[in-house]
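*Asks:* Heads up: the sequence shown at position 35 corresponds to 35 in UniProt numbering, and the numbers run straight through without jumps. We put the beta carbon where it would ideally sit given N, CA and C, even for glycine.
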Amino acid sequence: MNKLCSGLIRAPPCCTIIGVPISDNNKSLPQTPAGGVGGKGGGGSGVPGSGMVNGAGADHQDIRDGAAINTEHALVYRDGNLVSGSLEALVQHMVPTEEYYPDRAYLFAFLLSARLFIKPHELLGEVCALCEHQQNLNGEGGKERLHRFVPRLVQLLAEWTETFPYDFRDERVMGHVRSITQKVAAVDAAARQEVSALLQNLLLRLTALERYEEGLARLATEAATEQLTQVDITELCPSATVLAQQLTHVELERLSYIGPEEFVQAFAKESPHLETSFKDMKKTRNLESYVQWFNRLSYFVATEVCKHAKKKQRVRVVEYWIETARECFNIGNFNSLMAIIAGLNMSPISRLKKTWSKVQSAKFSILEHQMDPSSNFSSYRSTLKAAMWRSAGATDERQRIVVPFFSLLVKDLYFLNEGCSNKLPNGHINFEKFWQLAKQVTEFIAWKQVACPFEKNPRVIAFLQASPVLTENALALASFECEPPDNNPEKERYKALKSEMNTQ
Numbered sequence: 001m002n003k004l005c006s007g008l009i010r011a012p013p014c015c016t017i018i019g020v021p022i023s024d025n026n027k028s029l030p031q032t033p034a035g036g037v038g039g040k041g042g043g044g045s046g047v048p049g050s051g052m053v054n055g056a057g058a059d060h061q062d063i064r065d066g067a068a069i070n071t072e073h074a075l076v077y078r079d080g081n082l083v084s085g086s087l088e089a090l091v092q093h094m095v096p097t098e099e100y101y102p103d104r105a106y107l108f109a110f111l112l113s114a115r116l117f118i119k120p121h122e123l124l125g126e127v128c129a130l131c132e133h134q135q136n137l138n139g140e141g142g143k144e145r146l147h148r149f150v151p152r153l154v155q156l157l158a159e160w161t162e163t164f165p166y167d168f169r170d171e172r173v174m175g176h177v178r179s180i181t182q183k184v185a186a187v188d189a190a191a192r193q194e195v196s197a198l199l200q201n202l203l204l205r206l207t208a209l210e211r212y213e214e215g216l217a218r219l220a221t222e223a224a225t226e227q228l229t230q231v232d233i234t235e236l237c238p239s240a241t242v243l244a245q246q247l248t249h250v251e252l253e254r255l256s257y258i259g260p261e262e263f264v265q266a267f268a269k270e271s272p273h274l275e276t277s278f279k280d281m282k283k284t285r286n287l288e289s290y291v292q293w294f295n296r297l298s299y300f301v302a303t304e305v306c307k308h309a310k311k312k313q314r315v316r317v318v319e320y321w322i323e324t325a326r327e328c329f330n331i332g333n334f335n336s337l338m339a340i341i342a343g344l345n346m347s348p349i350s351r352l353k354k355t356w357s358k359v360q361s362a363k364f365s366i367l368e369h370q371m372d373p374s375s376n377f378s379s380y381r382s383t384l385k386a387a388m389w390r391s392a393g394a395t396d397e398r399q400r401i402v403v404p405f406f407s408l409l410v411k412d413l414y415f416l417n418e419g420c421s422n423k424l425p426n427g428h429i430n431f432e433k434f435w436q437l438a439k440q441v442t443e444f445i446a447w448k449q450v451a452c453p454f455e456k457n458p459r460v461i462a463f464l465q466a467s468p469v470l471t472e473n474a475l476a477l478a479s480f481e482c483e484p485p486d487n488n489p490e491k492e493r494y495k496a497l498k499s500e501m502n503t504q
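Put into structure tokens, the structure is as follows:
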């Protein structure tokens, strides 16, 4: 977690999110039924003699608080909600039959968190093996049974590729997909076309991801190699409203490429004791890149202020950024808003007393209050809820935008992960935790799918992402040159910085 949040505004550690009752927060997710005869909505048939459970044929145990859990291979329910099960039982529960198909909420929650215990290629291999076994696809009449079963299998593959496409960057996963494709192609022409279209869409998404990642690498290289320019953002984009819109373009594009599984992989990196390792998987680093974007924007704001020698120009730039932050707030772009506030609160900027004395800072104080970290960001959380409510009922794309303060979202998910055990004392996987994790990530998915409705200005966007920014020491030195040090600690710091610069 420290790697993810380096340089970010830190909120006081708080586990408020963990204290929210799971049953209340689960209401937005369709529940896996604890009973009922198989059908499209859930339930289903068990596997005779398999020792595993599935749908209505499962060895269910409904418990109340305080009741013992003693059925090793059961799926355990409380008040109709799936709360725990062995890994084998949970894997079996996602395997479709002719009569049974798992609900989407369960599939998403399990595919999201199962990677803490089993690698995606191993999970898909298990699913394929269970399908062959329980449908007896290799026995007499197997081809006919496969023909009836194929639509379910294709549906499962479609949902997996739709929600977790980055899993399919792994050649071992694709090996299983090719095996499925060959079997489907042999028995069902219509399904063959469906699988072909599915794989084509997957290829397009993975190709777009690769281009995006290559683009990020180019931007990083440009920012590191170019000289600091005297071009002012206020000259390039005189309107703070337009700049807020361009920042929203950057935010939504970067959000859109973060895979939901990246949150879980971030936890796994910090938990070497977990059953599975991600060292041999091709990673996506879009979550880390997005956090780095926040840090870059904060330093960019500070750089834009400090590169002006004249106080009047600094005042103008500070007020411009305050107005941009206000427009970000109005749009619902809370990540850029917080990055701007962080940039203006950096020590090299906040110490410029002569500059701030001329700034009309009332608007800035209001924005700081909205994003105040006290009480675990209670003001921001209330504002975010209002933005989510507005987004849910909006018909105008502009009203649908919600860009969360990302490091706080990561912190919430981190504390949810750390505050609840992955496994119960009896060895069962704690699925209550994974329902809650899935709920949080589902909200994130809704936010990242919104298309940015504003007109795009490629030149401004390129400047925001690729223009060089000053380092922490360079910012401090520039700040002292804007307004000389006025106390002994600052004088010592200035002297040390000049000495360091002279030796380079």
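Given this structure, state the Cα-to-Cα distance separating ILE118 from SER391, to the nearest angstrom.
*Replies:* Rounded to whole angstroms, ILE118 to SER391 spans 36 Å at the Cα level.
*Asks:* Per the DSSP calculation, HIS403 is bridged to which residue(s)?
*Replies:* Strictly speaking, residue 403 in this sequence is Val, with His absent from that position. Looking at the DSSP assignment, VAL403 forms a beta bridge with ASN333.
*Asks:* For residue 544, which residues in the same chain have their Cβ closer than 6 Å to its Cβ, ignoring the five residues on either side in sequence?
*Replies:* Absent from the structure is residue 544, since the part of the chain shown begins at 1 and ends at 504.
*Asks:* Measure the alpha-carbon distance for GLU490 versus LYS498 and round it to whole angstroms.
*Replies:* Taking the straight line joining both Cα atoms gives about 12 Å.
*Asks:* Could you check how far apart the C-beta atoms of ILE322 and PHE364 are, in whole angstroms? I think they sit under 8 Å.
*Replies:* Confirmed, about 5 Å.
*Asks:* Taking all protein chains shown into account, decide if VAL231 is buried (16 or more other Cβ within 10 angstroms of its Cβ) or exposed.
*Replies:* Exposed, because fewer than 16 other Cβ atoms sit within 10 Å of the Cβ of VAL231.
*Asks:* Rounded to whole angstroms, what is the Cα-Cα separation between GLN135 and LEU416?
*Replies:* Whole-angstrom Cα-Cα distance: 38 Å.
*Asks:* What does a CB cutoff of less than 6 Å around THR181 pick up in its chain, not counting 5 residues either side in sequence?
*Replies:* Correct list, in chain order: VAL195.
*Asks:* Around the Cβ of PHE334, are there at least 16 other Cβ atoms within 10 angstroms (buried) or fewer (exposed)?
*Replies:* The residue is buried, with at least 16 neighbouring Cβ atoms inside 10 Å.
*Asks:* Less than 8 Å between the C-beta atoms of PHE431 and LEU87, yes or no?
*Replies:* Cβ distance not < 8 Å, so PHE431 and LEU87 don't count as in contact.
*Asks:* Can you tell me whether LYS423 is helix, strand or coil according to DSSP?
*Replies:* Looking at LYS423 - three-state DSSP - the assignment turns out to be strand.
*Asks:* If you draw a straight line from the C-alpha of VAL250 to the C-alpha of ILE461, how long is it?
*Replies:* So the two alpha carbons sit approximately 7 Å from each other.
*Asks:* If I follow the unbroken alpha helix (DSSP H) through VAL291, where does it start and stop?
*Replies:* Counting along the chain, the alpha helix (DSSP H) containing VAL291 begins and ends at 286-306.
*Asks:* Can you check which of these residues, CYS237, LEU470, MET346, GLN265, is closest to VAL410 by C-alpha distance?
*Replies:* Checking every option, the nearest Cα to that of VAL410 belongs to GLN265.
*Asks:* Please go through the stretch 348-378 and give each complete alpha helix (DSSP H) segment of 4 or more residues, from N-terminal end onward.
*Replies:* Here the runs fully enclosed are 353-356, 362-370.
*Asks:* Over the uninterrupted alpha helix (DSSP H) stretch that includes GLY393, give me the two end residues.
*Replies:* Neither: GLY393 is in no alpha helix (DSSP H) and is coded neither H nor E.
*Asks:* In the DSSP output, what is ILE340 paired with across the bridge?
*Replies:* Per DSSP, none; premise fails for ILE340.
*Asks:* Quick check on the DSSP output: the alpha helix (DSSP H) that includes CYS237 runs from which residue to which?
*Replies:* From DSSP, CYS237 is part of no alpha helix (DSSP H); its letter is neither H nor E.
*Asks:* Sorted by chain position, which residues of the same chain lie with C-beta nearer than 6 Å to CYS328's C-beta, five sequence neighbours on each side aside?
*Replies:* Cβ within range, chain order: ALA244, SER336, LEU337.
*Asks:* Among all the DSSP beta bridges, which residues are the ones paired with ASN430?
*Replies:* Per DSSP, SER84.
*Asks:* Mark ASN54 as exposed unless 16 or more other C-beta atoms lie within 10 angstroms of its C-beta, in which case mark it buried.
*Replies:* Per-residue confidence for ASN54 stands at a pLDDT of 38, beneath the threshold of 50, marking its modelled position as unreliable; no derived number is given.
*Asks:* Contact defined as beta carbons within less than 8 Å: I believe HIS369 pairs with GLY85. What is the distance between those atoms, to the nearest angstrom?
*Replies:* No, HIS369 and GLY85 are not in contact; Cβ-Cβ is about 46 Å, not under 8 Å.
*Asks:* Spell out a yes or no on whether the stretch 350-365 and the stretch 375-392 are touching, meaning 3 or more CB-CB pairs, one atom from each, closer than 8 Å.
*Replies:* Touching, no, given that fewer than three Cβ pairs across the two stretches are closer than 8 Å.
*Asks:* How many whole angstroms separate the CB atoms of LEU123 and VAL91, which I take to be in contact at a CB cut-off of 8 Å?
*Replies:* Right, their Cβ atoms sit about 7 Å apart.
*Asks:* Taking the Cβ atom as the reference point for each residue, do ALA451 and GLU492 lie within a distance shorter than 8 Å?
*Replies:* Not closer than 8 Å, so no.
*Asks:* Give the single residue among PHE405, ASN376, LYS307, VAL403 whose Cα lies nearest to the Cα of GLU469.
*Replies:* With the sequence shown as reference, residue 469 is identified as Val, and Glu is not the correct amino acid for it. Selected option, being the one with the closest Cα: LYS307.
*Asks:* Which residue comes first and which comes last in the alpha helix (DSSP H) that contains SER499?
*Replies:* Counting along the chain, the alpha helix (DSSP H) containing SER499 begins and ends at 488-503.
*Asks:* Please determine, among GLY125, SER239, PHE405, PHE480, the residue with the shortest C-alpha to C-alpha distance to ASN376.
*Replies:* Of the candidates GLY125, SER239, PHE405, PHE480, the one whose C-alpha sits nearest the C-alpha of ASN376 is PHE405.
*Asks:* Within 10 angstroms of the Cβ of THR225, are there 16 or more other Cβ atoms? Answer buried if so, exposed if not.
*Replies:* Classification of THR225: exposed, given that the 10 Å Cβ count is below 16.
*Asks:* Can you tell me where the alpha helix (DSSP H) holding ASN473 begins and where it ends?
*Replies:* ASN473 -> alpha helix (DSSP H) spans 472-482.
*Asks:* If you draw a straight line from the C-alpha of HIS147 to the C-alpha of GLY125, how long is it?
*Replies:* Going by the C-alpha atoms only, they are around 20 Å apart.
*Asks:* If you follow the alpha helix (DSSP H) that LEU111 is part of, which residue opens it and which one closes it?
*Replies:* Taken as a continuous stretch (DSSP letters only), the alpha helix (DSSP H) holding LEU111 covers 104-113.
*Asks:* I need the DSSP call for LYS456, collapsed to helix, strand or coil.
*Replies:* In this structure, LYS456 counts as coil in the three-state DSSP scheme.
*Asks:* Tell me, to the nearest whole angstrom, how far the beta carbon of LEU198 is from that of THR161; I am working on the premise that it is less than 8 Å.
*Replies:* Right, their Cβ atoms sit about 6 Å apart.
*Asks:* Under 8 Å, do PHE164 and VAL177 count as touching if we go by C-beta distance?
*Replies:* Cβ distance not < 8 Å, so PHE164 and VAL177 don't count as in contact.
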